[in-house]
Each structure stands twice: as structure tokens, then as C-alpha cells.
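>
Next comes the structure, spelled out in C-alpha cells:
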């Protein structure tokens, strides 16, 4: 169940129940079970309970209801009507009723469960807090907010008495209380509850206790969403807005904790391989955390005992030990921040306050941080001397739909096919202006006068190339190929400002405070045209045919979800070899760039030599440019320990050194002094769908390894365009190092756009695929 193999789990559960659930007459099944010994009945009830949960998880609610009813009847027959196990089954059945919209039936069952537990366990047991919250939730769903509030307050009091007021469960209850008070229109009280919940959430995230899945983090994000809305309400009623905006700015950054970031943090030991001092601190912290978890479990077990059998001395000693161990963990975290700041920033970027952000910005820079949540988008803009915060009533679903529409016409392969078919799919200039009006126009007075714009997108906006937004409504819309001049004349944001992107606001500090000042002495090392099927050795004729076919059909394939290729902690190499198309045209791309920058042939690794082994054994710190032309596996939700990765040549036999995927945690172990890491051909930013937070794990890992900036593609770009844009960017920076990387890329794109030798040059599908991630300023 934990790894999503629901069909296998169902088969095993049903097998363990020996056909009981297949009997059409449940009363006969119950009679048969009643003949079993009590211990056997209890075991069967446990398996039935698990099967019911499984059906509920996958949405098979009628089957879940049937199983929970049978479990309830069996437990009543086994234990009698007044037993905690019966209360559990009542709650489980009530949860199914609630999901079916049968709120009154659910409330009645939750009430029965509460009454049983109060009688059997006593009024102050932690199970009572759970019962109270369950009943409160169904009251909330029924619109009975006044009735729900005292139930949740009593649950909080029980947790506080058990010294669990800073627990995840307390945080959830406080967020629910904040929701209830909003619906009762008591906003000051709602803000008070929400701030308490946010404080707990931040504390848990600082301890890396947020969880390791999207489900685990949903409660955190939802609570931060409520908190931001309430701070927005407060700021609108105060004259001095700085404190409120600063509070919101930091909370918004905590809200972007993602499963990818959590998974990257869980790879801690692998990051420390080359640093014994860091490895020692990591081991100490992991030992301390393990002991703290054991103590938490011991305390929960001690508190779960009936009141008459509680060992108060054991409880008191365990609580003192928890306090001591928590202090030890805090000291170790402080040591990470003090002695290993780059590692701390990689594992969990800590939010920057407004004042910190202002100090890190140059006089001609502005940073815009966009947090997309379910109902609105928060836009923060900061410069060295001012700030702004606006909330836009456009949530994640609407933003994702707009970004998907925005990207139509940008895929070069699809564009060429649509042109050949006589019905060209062209980029929507009007939508490009609409998105600017929605996202950036609210803060235009803050950002417009700054030449370098730093964008920190989240959620669906990670798939949006901001430099393609239009600052003014287009005079003409491009509908046919003859309208290409409309593209050239449009008010592209990139004409007004150089644009760079960061995966987190905190990356500003990582890049400008901790980044190495050394530079590689050699021009470039490159890896491309990898071999994904190691069992085949194509002939030179086949290679030439593949290369010609690749050029004829346009650009290469895009990013794939890494969950497609991970099985637990290992990679499914067979799936990789079948799914990843060859990239023969990248060989020509790399060779052309190499000639232009003066890189010798020995530094160009193509075909089978474009491997993890070659990457890990190369002296990468010697090179100013590290070039990867391959697929990225970066999008989607985490299953097992799948990480964002770059696909390289698959070895015939996988090993710890080389399994074909260069993962984010392996990237973090590399030693770089690179001005540029180029990720060409892999469509790295966009992921397999708009909204995948594709880049954050890889970008942070490359920054940690020593890269100052990444040049990455938003969509699969034709090799000739990739070659021209990269060479032009490198040439511009070489000619005038003081302009900075973002300005160099801006000049390369504008030059391409303004080249009238081919009408299609004005189309952003050709000149606009790359974004600069990382340090874009001239420094």
C-alpha cells in the first residue's frame, strides 16, 4: 500500500481472509467467523479493517462501506458494544459516510465512537482528541461551525495536557479552528489560531519533520495558505505594512517546501562522501533524530496506557530525555548553519527576510517571488529600497491551464508539422500579455525600472518562460506565417529586462554569499548523444540515418517523470532503455559549440562515453562550461527514493558508480567551478506537464557542487537554434564580462529575434527556449 501497489495489496488481503469477503450473505460470513477463537477473530478483524482502508484509499467507497460494516459487526460480536476497537470501526465507517456526503449518519457514528471511548478510556486520553476532531470535521462539512469550534478546542486542550501542543496533530486542529473562525467571520481570532499553527509548522519543517510525500506536506501547505490570506487581511488594515509583508514573505517561502526538496534532504549521507567533517556531523544528527523518534514512540506508548496503569515516573523521565535530545538536534542544526552553510542551504533552504533580500540585491535588480496556491497567487516584489505584495485571485488550476495554453506553438516539432499541414499552430501573443497583466503588472512600479529581473516561480509557473511575457498589448496578432513581423514588433519582457530564475529565494544567498570565486581554467567539457540501449551497437550507416532523421523531424524528446523509472530505491533500466529516444543530433551541436569555445576533442564525451562513469571521473572543476545534452527525468511525485536525474549512457551492467542516471544527490557530490552548466535537449524546466516543480532539486544540487548558473531549455529545441543561442551567449559574456550572464543571454535572444534573414527567426519557439537559472548579474 505504501508504495502504491494497491492491486497486489488487495489480492494479499483477500487471500488472508480466505474468501470471507466474497460471500454474498454477510450474516453467514459473520456466523462462520463467530465460531473462531477470539484471537483468530481479532486477527481477521484487523485484516478486514486494512482491506476497508485500502478500498477507501482508492475510492471504492461502496466496497469500503461493506467491509467496515462487517468489521464493526465482528468486533461487536467479539468484544461487546463497549470497546475501543468497536469505536475505531465506527469511526472508519463514519469516514466512508462522510466521503459519500452522508454527513448526519457520519456524525451519529462519530458521536457513538466518542461516547464509547470516553467511557472505556477516560475523558483525557489522546484517542478522545482524535474522536473530537473527527466529529468536528463532519460538523464543519455540514456548516455547523459554532458546534465544531468547542470540539476542536477540547481536542487541543487534551494534547496540551499530554505535552503535545507542538505536534503535527495540534497544527492541523489549529488550522481547522482558523478555518472555522474565518467562516464565522471572526478574523482576528482566526489569525491568532493560524499564527499558532504556522509556528508549529515552521518548527516541524526546521526539524525536517514535514514528511516525505505530497500527502504529508498537504497539511503544511494548506495551513500556510490560510495564514497568508489572513495576514493579507491584516496588512490591508494597517498603515505600516512592512512587518506584515515580511511575515507573509517568510511564510510564503516555507510554503514551497516540496516533496522533491524533502527527498533531496533525505540523501544526506551521500552528499557528505567527500567531506569527513560534514559526514561526522550528519551521522551525529541522524543518530540524535533516531533516538528522538524512539523516545517519541515510547512516550506515546506510555501515554496510551489506561490511567490506572500509567507509569508517571517513566513518562516524566521520557519527557526530560526528549527535551535533552531536542536540544541536541537544535545544536547540530545550528552547527550546520555555522560550519556547513552550503549543505544547510541545499538540504532545506531557510527563508530570507525582506531586509536580508534587500541587502543581497544590486541597485539595478528586482526579485519577484510568485507563490501559487489553490485559490490565489501571491506576488512579492523586492528591490534594494522598496517592496510590494499583491494577491491575485487566480489559483493553481487556472494558472496551470493558462500556462498550458501559453506553451502551445512553442514546440518546434509540432510547429513544423502544423506548418506542413497548412494549419500553423502559432504562439498566442494576446495571452502572453494577459499573463503579464495578471502576474507582473500588479508590481510593475516596483520592478519596471530595474534592468535585471530575478524570478522565483512555484507550482505551474515553473513551466512558464517569463521572458516571453509581453509588457504591452500586441498591436497585431500572429495567425498565419505571414504575420511573423508581429512577433518581432511585440513588447517582449526580454527587450526591457534581462531575466534570470531561481529555484528559491534563499538561493540568492547561496549564490552571492557562499559561492566559490574560483574559475575553471579549461573552456568546456561536454556529454551528449548517450546510448540508452546498451545491447545494440548501431553501424555508422545507421547512425548517419538516425542523425538525418532527427534533423528532419525536428527537436528531440522531452523530459520524463522520474517516477516512471524508479522501483523503490533502484532504477528500472529496461523501462529506461525502451522509453528514451536517441539524441544523435546532439553530437553535432556539442562539436560545434566546442570548436567555437576552443574545447579539444578529448573533452567531448559522446555515445557510450557519455556515461556516469565519465562524469564522475572527470576533473570537472577544471572547466568553465559543463555541457549536458540529454534527457532529464525531473517531474512528477516521488515514489520510493526516485530523484530528479539526468539520463546518461546505460551500462551493460549497473553498479553503484554507474546505473545510467546522474541523480541530484550524485550531482551534489561533484566538484565544479563552472560559470555555466548547460542542460540542452532535456526540456528540463517544464517537466512532463506544466506545474511540475522540475528544476528545484537539480538546480540546488548543481549550485551546491559549484555551478554559478544553469542554461536550461523550456522545450525541446532544434539543435541549430541551441547551438546559435549558446555560442552567442558565451561570446557576449566573453566580450564584456561585466554585463552578467542574464544580459548576455538577453542579447543573444534579441539578436536572434531581430535577424530578418529567415521570417521564422522572430518566432519565440526558436529564439526563446532557454532560461538562465542561477546567478545572472555581472559581479
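Residue numbers (the numbering used here): 486 to 1264.
All C-beta atoms in this analysis are idealised placements derived from N, C-alpha and C, irrespective of residue type, glycine included.
#1: Exposed or buried, what is residue 1239 when buried is set at 16 or more other beta-carbons lying within 10 Å of its beta-carbon?
#2: Rounded to a whole number of angstroms, what is the C-alpha to C-alpha distance between residue 497 and residue 561?
#3: Per the contact definition of three or more C-beta pairs closer than 8 Å, is the stretch 923 to 940 in contact with the stretch 889 to 896?
#4: Based on DSSP bridge pairs, tell me the residues matched to residue 1146.
#5: Quick test of the definition: if touching needs 3 or more C-beta pairs under 8 Å, does the stretch 1073 to 1080 touch the stretch 983 to 1003?
#6: Just the Cα atoms here: how many angstroms apart are residue 977 and residue 1165?
#7: Assuming residue 862 is part of the beta strand (DSSP E), what are its boundary residues?
#8: Classify residue 1032: buried if its beta carbon has 16 or more other beta carbons within 10 angstroms, exposed otherwise.
#9: For residue 490 and residue 1241, I'd like the C-alpha separation in whole angstroms.
#10: Would you mind working out which of 818, 1155 and 574 sits nearest residue 769, comparing C-alpha positions?
#11: To which residues of the same chain is residue 980 closer than 8 Å at the C-beta, ignoring the five residues directly before and after it?
#12: So, for residue 700: in the same chain, excluding its five sequence neighbours on each side, which residues have a beta-carbon less than 7 Å away from its beta-carbon?
#13: Identify the residues that DSSP records as bridge partners of residue 983: which are they?
#14: In three-state DSSP terms, what is residue 1117?
#15: Can you list, in chain order, the residues of its chain whose CB lies under 7 Å from that of residue 1136, leaving out five sequence neighbours each side?
#16: Does the distance from the CB of residue 860 to the CB of residue 880 come in under 7 Å?
#17: Rounding to the nearest angstrom, what Cα-Cα distance links residue 1246 and residue 668 in this structure?
#18: Note the first and the last residue of the continuous beta strand (DSSP E) segment covering residue 481.
#19: Would you call residue 1014 buried or exposed, if buried means 16 or more other Cβ atoms sit within 10 Å of its Cβ?
#20: Have a look at 543, 577 and 565 and flag the residue whose alpha-carbon is nearest the alpha-carbon of residue 554.
#21: For residue 1012, which three-state DSSP category applies?
#22: In angstroms with no decimal places, state the Cα-to-Cα distance between residue 655 and residue 1189.
#23: Could you tell me the alpha carbon to alpha carbon distance between residue 716 and residue 676, rounded to whole angstroms?
#24: Please confirm whether residue 983 and residue 1227 have their CB atoms less than 7 Å apart.
#25: Starting from the Cα of residue 922, find the closest Cα among 864, 898 and 963 and give me that residue.
#26: For residue 1187, which of helix, strand or coil comes out of DSSP?
#27: Using the C-alpha atoms, what's the distance from residue 855 back to residue 1171?
#28: Taking the straight line between their C-alpha atoms, what separation do you get for residue 972 and residue 1249?
#29: Using only CA atoms, which one of 682, 729, 689 and 640 lies nearest to residue 708?
#30: Verify whether the separation of the beta carbon atoms of residue 534 and residue 556 is less than 7 Å.
#31: Select from 994, 1067 and 538 the residue whose C-alpha is nearest the C-alpha of residue 827.
#32: Measuring alpha carbon to alpha carbon, tell me which of 884, 932, 779 and 773 ends up nearest residue 849.
#33: Within 10 angstroms of the Cβ of residue 522, are there 16 or more other Cβ atoms? Answer buried if so, exposed if not.
#34: I need the straight-line Cα distance from residue 614 to residue 574, nearest angstrom please.
#35: When DSSP labels each residue in this structure, what does residue 587 get in the three-state scheme?
#36: Is the stretch 798 to 813 in contact with the stretch 777 to 784, if contact means three or more CB pairs nearer than 8 Å?
So, from the listed chains and residues:
#1: Residue 1239 comes out exposed.
#2: Looking at the two C-alpha atoms, the distance is approximately 25 Å.
#3: Touching, no, given that fewer than three Cβ pairs across the two stretches are closer than 8 Å.
#4: Under DSSP, residue 1146 shares a beta bridge with 1132.
#5: Segments in contact, no.
#6: Taking the straight line from one Cα to the other gives about 23 Å.
#7: Per DSSP, residue 862 belongs to the beta strand (DSSP E) from 862 to 868.
#8: Because the pLDDT of residue 1032 is 46, which lies under 50, any placement of that residue in the model is unreliable, and the number read from its coordinates should be weighed accordingly. Burial call: buried.
#9: For the pair residue 490 and residue 1241, the Cα-to-Cα distance works out to about 56 Å.
#10: Of 818, 1155 and 574, the residue nearest in Cα terms is 818.
#11: So the qualifying residues of the chain are 1235.
#12: No answer about residue 700 holds up, because its pLDDT of 49 lies below 50 and its placement is not dependable.
#13: DSSP output for residue 983 lists 937 as bridge partner(s).
#14: Three-state result, residue 1117: strand.
#15: For residue 1136, the CB contacts under 7 Å within the same chain, skipping 5 residues up- and downstream, are 1019, 1096, 1143 and 1145 in chain order.
#16: A contact, by the Cβ cut-off of 7 Å.
#17: So the alpha carbons of these two residues sit roughly 54 Å apart.
#18: Summary: the structure shown does not reach residue 481, with the chain confined to residues 486 through 1264, and so no result is reported for it.
#19: Under this definition residue 1014 is a buried residue.
#20: Looking at the Cα atoms, 577 is the closest of the given residues.
#21: Note: residue 1012 maps to strand in three-state DSSP.
#22: Approximately 35 Å, taken between the alpha carbons.
#23: Roughly 7 Å separates the two Cα atoms.
#24: When the beta-carbon positions are compared, residue 983 and residue 1227 come within less than 7 Å of each other.
#25: Per the C-alpha coordinates, the member of 864, 898 and 963 positioned closest to residue 922 is 864.
#26: Secondary structure of residue 1187 (DSSP, three-state): helix.
#27: Low confidence applies to residue 1171: its pLDDT is 41, below 50, so where it sits in the model is not reliable, and the reading given next is rough at best. CA-CA distance, residue 1171 to residue 855, rounds to 17 Å.
#28: Pairing residue 972 with residue 1249, the inter-Cα distance amounts to about 8 Å.
#29: The residue with the shortest Cα to Cα distance from residue 708 is 682.
#30: In contact: residue 534 and residue 556 (Cβ atoms closer than 7 Å).
#31: Taking each of 994, 1067 and 538 in turn and checking the Cα distance to residue 827, the smallest one comes out for 994.
#32: Comparing Cα positions, the closest option is 932.
#33: It is exposed - the Cβ of residue 522 has fewer than 16 other Cβ atoms within 10 Å.
#34: Here the alpha carbon of residue 614 sits roughly 16 Å from the alpha carbon of residue 574.
#35: Coil, per DSSP.
#36: With the cut-off at 8 Å, the stretch 798 to 813 and the stretch 777 to 784 touch.
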